[in-house]
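Comments concern the structure below.
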Amino acid sequence: MTDQSPTDTDGPRLSRREFLRSSGAYAGAAALSGLSTAGCRTGPRRPNVLWIMTDEQRPDSLGCYGSSWAKTPAIDGLARRGVLMQNAVCQAPICVPSRASQFAALYPQECGALATADAQHGFPTGTITFTDILREAGYELVNLGKTHSPAHPTWHVSEGPVLLPRYAGYYDLNEAYSEEAHHVIKRPGGTPIILAGTYPVAEGHPSQILTDRAIDALRARSDPQKPFLLRVSHNWPHTPVLAPPPFDQLYDPDEIPIVFFDEEAYRGRSRYDRSIADTMRMRELSRTQIRQMWKDYYGLCACVDHEVGRLLRALDDLGLAEDTVVLFQSDHGKSLGEWGSGEKGTFDSEVWRVPFIWSAPALGLEQGAVREDPCESIDTARTLLTLLGLEERIPADFRGRDLFGASPAPDAVFGQWGFRQMRCGVRTTRHRMDVTWSEQGRRVEPSELDGNLFDLQRDPQERTNLYEDANHASVRRQLLEQLEAWDSTLRPFDVELRA
2 MTDQSPTDTD GPRLSRREFL RSSGAYAGAA ALSGLSTAGC RTGPRRPNVL WIMTDEQRPD
62 SLGCYGSSWA KTPAIDGLAR RGVLMQNAVC QAPICVPSRA SQFAALYPQE CGALATADAQ
122 HGFPTGTITF TDILREAGYE LVNLGKTHSP AHPTWHVSEG PVLLPRYAGY YDLNEAYSEE
182 AHHVIKRPGG TPIILAGTYP VAEGHPSQIL TDRAIDALRA RSDPQKPFLL RVSHNWPHTP
242 VLAPPPFDQL YDPDEIPIVF FDEEAYRGRS RYDRSIADTM RMRELSRTQI RQMWKDYYGL
302 CACVDHEVGR LLRALDDLGL AEDTVVLFQS DHGKSLGEWG SGEKGTFDSE VWRVPFIWSA
362 PALGLEQGAV REDPCESIDT ARTLLTLLGL EERIPADFRG RDLFGASPAP DAVFGQWGFR
422 QMRCGVRTTR HRMDVTWSEQ GRRVEPSELD GNLFDLQRDP QERTNLYEDA NHASVRRQLL
482 EQLEAWDSTL RPFDVELRA
């Protein structure tokens, strides 16, 4: 289930400035400064967009999401200048379907992306992404870092880095570095991805280089009348979870409310969840290893926060902050062994729920607001295009809502992923449920559904599965009816229309 993303090629060790120049670091800057202005509207220039994305980041890694112990001043500060969506979910608890759905403003099966392998395909013929609309409106579109979505030619420039093989890959440190000396811990089952450890260098790690490239791109702009969308897409805190110094020592594990493997909760979960836990075998890790895994994961989140802070300061120093919509989010979260799983692919709140922060004070958005209404990553397209004054260009078939418009909050939000075995989730303000909805393209009979149901109010840590509880039969039935109604609106994916 680990992402197979492209990485920059290995080579002789260079200084950071030499590396940036030799690997095309200024291509993004050129894109922001030298493209045609065809398509720009006349009159006042539209706002810019800075879209910061992380991978596998849980909301509880951030102070602004209620973790008073978290050391994330930059993102917490962004939340104070914007609107924090407390109950946001992604469309799929795994990378490619989540990202594809957000781009296309369609649910995963509608845009042909139900699994990680779908990154190798294009979107179905005729698909319009919200970034396509921005391009037509004259925006300069630059993606720096991870893409990991179906190929589409929307970006003027899209480049890394994602990983730096001369230091580490998903599964191993470079042979020049001792894994024992860097305290590397690997997952016991499944693919042996790196769950914890110290990155080999303090300077020149992927998120730092990515931030340098983004700042260079902002500085090199030569046409201040041309709006841009700059997406800065970090691989971290996705595996390999290797916190660079000094972030590897930022937390004492005793500061963090670690949840160790809960055997009773594991046994109460669905067959699907238990099968993932049995494959990953996270319960075989010692308590000492679990403590280090949590410490290094949150240290890595703090490292990314530091890089976000550098980028936001540069935006302010360049006089762009007041004229730029800033969106910070993650594509999904991850488990840390609580119920036996150690990554993604489940609808546990640690995985399905995501950070989702919008900041645009100059456009009238509240500052320091915390919204409790359910929302989805798929809301990005309608929300952003409306903020930018492009609402008349929104296709009728776009899913989602304008988060700052008059549309009422939904009663429930939904997600799905998996082709041969599709798992679907539904979440309300009170409950979360997920079930195996279909297998081999055939709907599972209601009496055979394998599910999880949790009362988020009484059991916020989701320890007690109520799916088979007779006292919650009416809740289960109501959620299944909502899931059925949602599913009935989805258009089937026709593989022959894949580009």
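For the sequence shown, the numbering used here assigns the number 2 to the initial residue and increments by one for each residue that follows. All C-beta atoms, glycine included, are put in the ideal place defined by N, C-alpha and C. Quick caveat: nothing in here was measured; it's all calculated off a predicted structure.
Item, Value
"Cβ pair residue 517, residue 341 closer than 7 Å", "Here the chain covers residues 2 to 500 and nothing more, so residue 517 does not appear."
"Inter-residue Cα distance where the pair is residue 160 and residue 450", "43 Å"
"Check whether residue 330 and residue 355 have beta carbons under 7 Å apart", "yes"
"Closest by C-alpha distance to residue 328, when choosing among 302, 386 and 357", "357"
"Residues bridged to residue 199 (per DSSP)", "244"
"Straight-line gap, residue 435 to residue 220 (C-alpha atoms, nearest Å)", "46 Å"
"Length of the line joining the Cα atoms of residue 271 and residue 256", "32 Å"
"Beta-carbon proximity check, residue 234 vs residue 146, cutoff 7 Å", "yes"
"Buried/exposed call for residue 289, threshold 16 Cβ in 10 Å", "exposed"
"Alpha-carbon to alpha-carbon, residue 150 and residue 181", "34 Å"
"Cβ-Cβ separation, residue 95 to residue 346 (assumed contact under 8 Å), whole Å", "5 Å"
"Contacting residues, own chain, Cβ-Cβ under 6 Å from residue 198 (five flanking each side not counted)", "183, 184, 185 and 243"
"Terminal residues of the beta strand (DSSP E) in which residue 435 lies", "432-440"
"Cβ pair residue 309, residue 333 closer than 7 Å", "no"
"Residue 132 classed as buried or exposed, judged by whether at least 16 other C-beta atoms fall within 10 angstroms", "buried"
"Spatially closest choice to residue 1 from 481, 466 and 57, by CA coordinates", "As shown, the chain starts at 2 and ends at 500. That puts residue 1 outside it, with no answer to give."
"Three-way DSSP call (helix, strand, coil) for residue 407 in this model", "coil"
"Rounded separation between residue 323 and residue 138 - CA only", "21 Å"
"Of the listed residues 292, 456 and 424, nearest to residue 442 (C-alpha basis)", "424"
"Neighbourhood of residue 191 by C-beta distance below 6 Å, restricted to the same chain and skipping five residues each side", "280 and 281"
"Contacts around residue 70, its chain only, beta-carbon distance under 6 Å, and the 5 residues preceding and following it disregarded", "256"
"Reduced DSSP category for residue 135 - H, G, I as helix; E, B as strand; rest coil", "helix"
"Sequence-distant residues of the same chain with beta carbon closer than 6 Å to residue 232, five excluded per side", "52 and 144"
"7 Å Cβ shell around residue 249 - same chain, five flanking residues per side excluded", "199, 297 and 300"
"Bridge partners - residue 89, DSSP secondary structure assignment", "376"
"Identity of the residues DSSP links to residue 418 by a beta bridge", "424"
"Counted within 10 angstroms of its Cβ, other Cβ atoms place residue 472 as buried (16 or more) or exposed", "exposed"
"Whether residue 203 touches residue 246 by CB criterion (7 Å)", "yes"
"Reduced DSSP category for residue 350 - H, G, I as helix; E, B as strand; rest coil", "helix"
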